[in-house]
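Asker:
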Amino acid sequence: MKSAKQWILTDRTENIQKEKIELNARQLGAPKCRKLSVTKTTLRGGLSEGVEVVEINNGALSISVIPTRGMGIWKGSYRGIFLGWRSPVEGPVHPAFVHQNERGGLGWLYGFDECIVRCGLESNGAPGRDVVPNNMGEPTEMELTLHGRIANIPASRVTVEASGGAKPIVSVSGIVEETMLFGPRFRLSARISTAPGANWFRIEDEVSNLRAVESEMELLYHCNFGGPVLEEGARLVLPAVETAPRSAYRAEDVETWAVYRGPTPGFVEQCFWHVLRGDANGGTMALLRNAAGDLGVCIRFNLSELPCFTQWKNTAAEEDGYVTGLEPGTNYPNTRAFERKQGRVPRLAPGSSRRASLTVEVLDSARLVKAAEDEIEKLRGGTAHTLHRAPDPRFSA
Amino acid sequence: MKSAKQWILTDRTENIQKEKIELNARQLGAPKCRKLSVTKTTLRGGLSEGVEVVEINNGALSISVIPTRGMGIWKGSYRGIFLGWRSPVEGPVHPAFVHQNERGGLGWLYGFDECIVRCGLESNGAPGRDVVPNNMGEPTEMELTLHGRIANIPASRVTVEASGGAKPIVSVSGIVEETMLFGPRFRLSARISTAPGANWFRIEDEVSNLRAVESEMELLYHCNFGGPVLEEGARLVLPAVETAPRSAYRAEDVETWAVYRGPTPGFVEQCFWHVLRGDANGGTMALLRNAAGDLGVCIRFNLSELPCFTQWKNTAAEEDGYVTGLEPGTNYPNTRAFERKQGRVPRLAPGSSRRASLTVEVLDSARLVKAAEDEIEKLRGGTAHTLHRAPDPRFSA
Amino acid sequence: MKSAKQWILTDRTENIQKEKIELNARQLGAPKCRKLSVTKTTLRGGLSEGVEVVEINNGALSISVIPTRGMGIWKGSYRGIFLGWRSPVEGPVHPAFVHQNERGGLGWLYGFDECIVRCGLESNGAPGRDVVPNNMGEPTEMELTLHGRIANIPASRVTVEASGGAKPIVSVSGIVEETMLFGPRFRLSARISTAPGANWFRIEDEVSNLRAVESEMELLYHCNFGGPVLEEGARLVLPAVETAPRSAYRAEDVETWAVYRGPTPGFVEQCFWHVLRGDANGGTMALLRNAAGDLGVCIRFNLSELPCFTQWKNTAAEEDGYVTGLEPGTNYPNTRAFERKQGRVPRLAPGSSRRASLTVEVLDSARLVKAAEDEIEKLRGGTAHTLHRAPDPRFSA
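Sequence lines, in order, name chains A, B and C.
Quick note on my numbering: the first sequence kicks off at 1 and runs consecutively.
Quick note on my numbering: the second sequence kicks off at 1001 and runs consecutively.
Quick note on my numbering: the third sequence kicks off at 2001 and runs consecutively.
Next up, the structure:
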C-alpha cells in the first residue's frame, strides 16, 4: 500500500517521541467518515507510567495498539462489543516492570493483559532449558523464558498512515528491534490497519533476520478473548483435521474441546494442539462464537505462514482471567528444544524475512456467524478429524 | 474517616500523574496551623529519576511517602530529630533499577533505604525455594526473592485527604496492585496519616485478595532506625514473653539482645524472634530508646493483625548502614516454606481482606520515654520471659 | 584542574535533571575556537527513551558521553573518522531494559554498543559462580553476571567544566554509585576531557570504597573499534612481553594474533591475554592501526593502575558487530573466582580510592602512526616476547 499521508509518532534515530497526537477524519483524508480518528496518548500512573497507546477508531471498530509493548493490541471494541479480556493484570504494564526470568521464567505473566500479543521472536512457549552454541562456538545451556522478549520491547519507530481515497485504509506501523550481541538480531515491522466502518482489523508483520548467519525464529499470535463472545456454551469452530490435548485430561474434557465452560473458580487451564486445513493457498480461519451463535470473532491467517494452531482454555473465574487464547503460530508453544526436535522451528537465512498476517473480524449477527461456520466446513472439505484422547508425542513434550 | 477534601495526585485509570503539588494549611482546612503542608515532588537524576515523593509536614513532624515504591515511608523528622537510617543505598531507587532475582534473590537490597518498607505480599523474608501448584495444577518449584515485590510496585492511585475541622487529620492514600496471571492478585490500600503538631503518624493498610481462589499472603513492616535514637547503649523495650536468636550467637550476644552496640565496622547482623504480649484487644507496642532514655521511637500495633515481631540488629559502621529493624509481621521473615510449616502464613479467602495498622510515635523527653516503658511493663503484666539461648526450631529454619 | 566555570546537568540530591543544554565556545570561555561546544540531549523512542547523551565537540573531535549508562562513551568522530563500532544493538539502551541475569548472566549484551564501556566495579568478566561471605558471615554462592553493574547505573551527578584560558580543557564529570546493603558500596567519579582542536580525549576515574570494610574491586575499560580503523590487515601493536590465547585456537590464529581479518560471517570470537611493558613510571600504550598504516587509534594508560591487557577479536560480519576490543583492566575478564586465585583482584581498604586514567588519541597520518609504533618499540626495549601456543593456566580458567 502506498501511503498518501504519513505521521511520525516515534523515531528513535530522529529523537522523536510525541506524547500525544489526535488525527481526525479530515486529516486522515476521509471527511465523510466523521468518526474516523487516530489518537495517541501516553499513560500515566502506576505500572502504566510512560506506556504509549495508539487508538484507531474507524467509526464502528476501535483498537488500541501499544508501541511500548512491542506493537501488541491491548483491546478493542466493535459497536459496543468488547474485544479482549479482563486480565488480573491491570495494564498495560511498562516493560521496565516486567522481569521475565523471575518465577522460573514466568515473569512475562506480570505484564500479560493484551487482546493480541506476539510471542517470540527468538523463542516462544514454555520456559525451559535449551542448548545453543555460544559466542565461543561451544554448546551452552540457556534458560529461555516464557514467550520470549518481543512483547516487552518498545517500538523504535511508530507511524500512522492513511492511504487516501474516500474509504482510506488507516494503519499504525511500528518497528521493534529484538537484538543483542551474540544473539538474535531481528527486526519486526508490524502494521495494524482497518478501514472506515469495517468490522475487521488486520495485522501484517515482517520479521527480518538482520544477522549474517542463519537464525532460528519463533512467532505466535496469542489472541485472547473473554466475554461477551466467550461464555458458557461458546464454541471454537476450526477446520481441524487433528487435535490433541496438551496433558492428560478427563475423557469428557477432551471430547468437549470445542465447547467452553462459564467462569469456573479454580479451573485449571487446558490446551489443545490443532492441525488445520486450509484452501489451495493455505488460507484458513478460526471462529470463536457465543452460545447463541449470534456473536463471533473470526481470525483469518495462512498456514504457509502460521502452520500451527493452539487453543488455550482458561475458563477460570472472571477475577482470575476468564479467557480463551486462539494462537496461530510458526510452532506450538512448547519449549523451543522440543519444537526443534519436531522440525517446527523456522530458520531464517541471513538477511531474509518471513511474513505473517492475521485478520480479525467481529461477527455481530447470526447470519455472519453462520456464514463463517459454513466457510470453515467448506475448508475442512469433509476430511476426517482425528481426536487424540491422550497427549501425542508429536505435540506434547 | 470521611474526607472533607480530597486531591488526586495519581490515577492510572484516569491517566493522571501530577509531577508536583503543594498544599498549604489553608487549603488543607487548618489556617491556624501555619506550617501544615503536603508537597509532592518527582525526583530527578540517577537511580531516583521519576520517583514520586509525597511529604506531609504537620508543623512538628514530617514524613516522606514514596508512591513509586509501594507507598513506603522514606524518612521523616520530628522537631529536628531524624527518623530513618543512612543506608549505603542513596535512594529512593526507582523500581526499574531493582532486579530482585539477581544475587541469589537478594536484589531487593539494591533499593532498600526506607524508614518503613512493607515486605510481601505474596511472600516476604529470606529468598528460597517453595513448591506451589502452577497454572496446570502441578506442584512446581519456584524461587521466591527476598521480601517480595510490593515495595517495588508504583501506586496506581494516590490521593491526599484532609478531614476538616480545626485540627484536621491529613493523610496520603495509595492503591498498590501486586498482580499477575496464575499468581497473586492483591490490592493494597494504604493510608498514612497525621494531625497538626502531632508526634505520631499512622499507617492503616488493607490487603484484599481479588482472586476467586484462596491465596496465601505475608505482610511485614520493616521499620528501620539509625541515629540519633539508635546509639551505643540504646535499648529495645518489648512486652516479650519469648525470645529466640535466629542463629547460633555467642551467649553474651543473646543475653544482651535488648541492648545495642555503637557503630561497629565489620559487625555481622543478628536477628531475634520475639513473641509479644498485648492487651485484651491485642494492642501492643515496641519501644526503641536511646542510652540516656530521653529519646525514643514507639511503634504501636495489634497482635491480631501482626502476631510476629522480629528484631534486626545491624550495628555495622555508619558507612555500612548502622540500623536496627523493628518488624511487626503476619509472620517471621523466614522462607515462606518454613513459615507455612509453622502455620504462620495467613490465607485470604476469595474476595476477602486483611487489615493491619501501625502507629509510630516520637518520644522526645525522658518523661514520654518513661511512660512508654511503664506501659510496656504493664502489657507484660509480670509474665515470665523465656529467652532461648540457641535457635529454636519453631522460629529458625 | 581548577574549573573556571561549571554547569550542573544532573544532581540527584538537588533534584536537577536538565533535559537539554547547549554550551557554545563563548560560554565555554574560548570564543576563538568557534566550533567548541557541549550539548546535552535526552533521547526519545524505543529502548533509548530517557537516555541522556552529552556530546563534547572540540572542533575536530567529538565524543558522546552517556550519563545514563554509567558515563560510558557511546561513540565519537575525529575529522570525519568514526570512533566506535556498529553493534547489532541499536542503542544506547536504557538500563531499565537490560536484565543482566537473563541468558545465564549474559543479559549485559542487550545494551552493549558503546565505544568505551567500563566493566565492574564489584566484578567484571565472564559470568560465573563465586563464593563470598554473606551478611550473616557465612560463605554463600552467588552468580555474578557478565561485566558487572556499573554500565547500567545512571550517574547521579553530571557537570560540565571549562578550565578557562585560550585553549580551555573542557570536561564532563559524573558520579556513579554502585551500592547496595550487604554488598559493594562504590562511588565512581569519572571525568572525560578534551581540548579545542585536540586529537585526543582523556578518561580520569576514581573509584572509592565507601564502606568501612575492605572490598574487592575490578575495573576494565572495554574500548571497542570497528571500521575504518579495523579492517582486513589492520594490526594491534603492543609493547607485549607475553601473550596467551584464551582458548585452544589453531596455530595460525595464535601466530597472527596481532593481525585482523576483514568481516567474516560466522567468525567465532578470539581473545588474547597480554602482559605489557611500560616506562619507568608504568606508562604504556596500545595501538590499533589500519592496513595501510595511515590511520590509528592509540590508547595510553598506566600499568600501575591497569596492569592487565586483553584483546578481543570479533571480526564477524558487519551485521553481527565487526569489532575489536582493547581492554586495559585491573584484571583479565575471567570469572572473579579465577582472577582472585591468580591474585589479580584488587582490594580497596575502607574509605580508600583507586584511580585509573586512559587517553585515546586518533592518529590520522602515516607519520603519526609510525611515531606511535616507534614509541611502542621503545617501550618494549628489545625485550623478548613469549607467545604461548596454548591457553596458559595463569591466564585462562
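Yeah, the Cβ is synthetic: ideal placement off N, Cα and C, and Gly gets one too.
Just so you know, these numbers come straight off a predicted model, no measurement behind them.
Taking C-alpha atoms, which residue in C:W2257, C:V2051, C:G2059, C:L2028 lies nearest to C:K1996?
Answerer: Given a span of 2001 to 2397 for chain C in the structure shown, any question on residue 1996 of chain C remains unanswerable.
Asker: Give the interface partners of A:V89 over in chain B, defined as CB-CB distance under 9 Å, in chain order.
Answerer: Simply E1177, T1179, M1180, L1181, R1185.
Asker: Mind checking whether A:L236 and A:L276 have CB atoms under 8 Å apart?
Answerer: No. Outside cutoff.
Asker: Take A:G91 as the anchor and find which of B:V1065, B:E1177, B:A1286, B:T1310 has the nearest alpha-carbon.
Answerer: Out of B:V1065, B:E1177, B:A1286, B:T1310, B:E1177 has the C-alpha closest to the C-alpha of A:G91.
Asker: In angstroms with no decimal places, state the Cα-to-Cα distance between B:G1343 and B:I1056.
Answerer: One C-alpha to the other measures close to 38 Å.
Asker: Sort B:E1052, B:V1051, B:L1219, B:I1021 by Cα distance to B:T1039 and report the nearest one.
Answerer: When only C-alpha atoms are compared, the closest one is B:I1021.
Asker: Using a Cβ-Cβ cutoff of less than 6 Å, which residues in the same chain neighbour B:A1195 once the five nearest sequence positions on both sides are dropped?
Answerer: The residues are K1167, I1169.
Asker: So, using beta-carbon positions, are B:K1032 and B:A1162 closer together than 8 Å?
Answerer: No, Cβ-Cβ distance for B:K1032 and B:A1162 is not below 8 Å.
Asker: May I ask you to list the residues that DSSP assigns as paired with A:I192?
Answerer: BP columns for A:I192 point to A:V172, A:I203.
Asker: For a cutoff of 8 Å on Cβ pairs, would you count C:M2142 as touching chain B?
Answerer: C:M2142 counts as touching chain B.
Asker: Report yes or no: do the stretch 2293 to 2300 of chain C and the stretch 2260 to 2273 of chain C share at least 3 C-beta pairs separated by less than 8 Å?
Answerer: Not touching, per the Cβ criterion.
Asker: In the DSSP assignment, what residue or residues form a beta bridge with A:D130?
Answerer: In the DSSP output, where bridge partners are listed per residue, A:D130 has A:M142.
Asker: What are the residues in the stretch 87 to 111 of chain A lying within 8 Å of chain C by C-beta distance?
Answerer: Within the stretch 87 to 111 of chain A, the qualifying residues are P95, A96, H99, Q100, N101.
Asker: Going by DSSP, which residues form a beta bridge with A:D11?
Answerer: A:D11 pairs with A:I16, A:R157.
Asker: I'd like to know whether the C-beta of B:S1156 is nearer than 8 Å to at least one C-beta of chain A.
Answerer: Closer than 8 Å: yes.
Asker: Can you have a look at A:A280 and say buried or exposed, based on whether 16 or more other CB atoms are within 10 angstroms of its CB?
Answerer: Burial call: exposed.
Asker: Quick check on this structure: which residue in A:G50, A:G381, A:E122 has the alpha carbon closest to the alpha carbon of A:V207?
Answerer: For A:V207, the nearest C-alpha among the options comes from A:E122.
Asker: In the DSSP assignment, the beta strand (DSSP E) including C:E2361 goes from what residue to what residue?
Answerer: Its beta strand (DSSP E) spans residues 2353 to 2363.
Asker: Just checking: is the beta-carbon of B:D1320 within a distance shorter than 8 Å of some beta-carbon in chain A?
Answerer: Taking Cβ atoms only, chain A never reaches closer than 8 Å to B:D1320, which makes this a no.
Asker: Would you tell me roughly how many angstroms separate the C-alpha atoms of B:K1002 and B:G1164, rounded to the nearest one?
Answerer: Its pLDDT being 49, under 50, B:K1002 is placed unreliably in this model, and the coordinates cannot settle the point.
Asker: Taking the alpha carbon of C:D2011 as the reference point, which residue from B:E1138, B:L1043, B:N1024, B:N1124 has its own alpha carbon closest?
Answerer: Looking at the Cα atoms, B:L1043 is the closest of the given residues.
Asker: If we count the other Cβ atoms within 10 Å of its Cβ and call it buried at 16 or more, is B:V1089 buried or exposed?
Answerer: B:V1089 comes out buried.
Asker: What separation, rounded to the nearest whole angstrom, lies between the Cα atoms of C:M2308 and C:S2215?
Answerer: Residue identity differs from the one stated: residue 2308 of chain C is Cys in this sequence, not Met. If I take the Cα positions, the gap works out to 20 Å.
Asker: Report the neighbours of A:D11 on chain C: residues whose CB is nearer than 7 Å to its CB, in chain order.
Answerer: By Cβ distance, chain C contributes G2045.
Asker: According to DSSP, is C:S2163 part of a helix, a strand, or is it coil?
Answerer: C:S2163 falls in the coil class under three-state DSSP.
Asker: Which residues in chain B sit within 9 Å of C:P2350, going by Cβ to Cβ distance?
Answerer: Those within 9 Å of C:P2350 in chain B are P1265, A1317, E1319.
Asker: Between which two residues does the beta strand (DSSP E) carrying C:V2259 extend?
Answerer: Careful: C:V2259 lies outside any beta strand (DSSP E) and carries neither H nor E.
Asker: DSSP state of A:S87, grouped into three classes?
Answerer: DSSP places A:S87 in coil when its eight states are reduced to three.
Asker: Starting from A:N57, follow its DSSP beta bridges and name the residues at the other end.
Answerer: BP columns for A:N57 point to A:S37, A:S62.
Asker: Name the residues in the stretch 1022 to 1050 of chain B whose C-beta lies less than 8 Å from a C-beta of chain C; which are they?
Answerer: Here the close residues are T1041, L1043, R1044, G1045, G1046, L1047, S1048, E1049.
Asker: Closest to A:H222 by C-alpha separation, out of A:C119, A:A251, A:T243, A:I203, would be which residue?
Answerer: Looking at the Cα atoms, A:C119 is the closest of the given residues.
Asker: Identify whether A:F97 lies in helix, strand or coil by the three-state DSSP scheme.
Answerer: The answer is helix: DSSP assigns A:F97 an H, G or I state.
Asker: Note down the Cα distance separating B:G1174 from B:S1156, rounded to an integer number of angstroms.
Answerer: Roughly 7 Å between the two C-alpha positions.
Asker: Is B:V1369 helix, strand or coil by DSSP?
Answerer: Helix at B:V1369.
Asker: If the criterion is Cβ atoms closer than 8 Å, does the pair B:S1396 and B:A1244 meet it?
Answerer: Yes.
Asker: Secondary structure at A:K32, three-state DSSP: helix, strand or coil?
Answerer: Looking at A:K32 - three-state DSSP - the assignment turns out to be coil, as it is neither helix nor strand.
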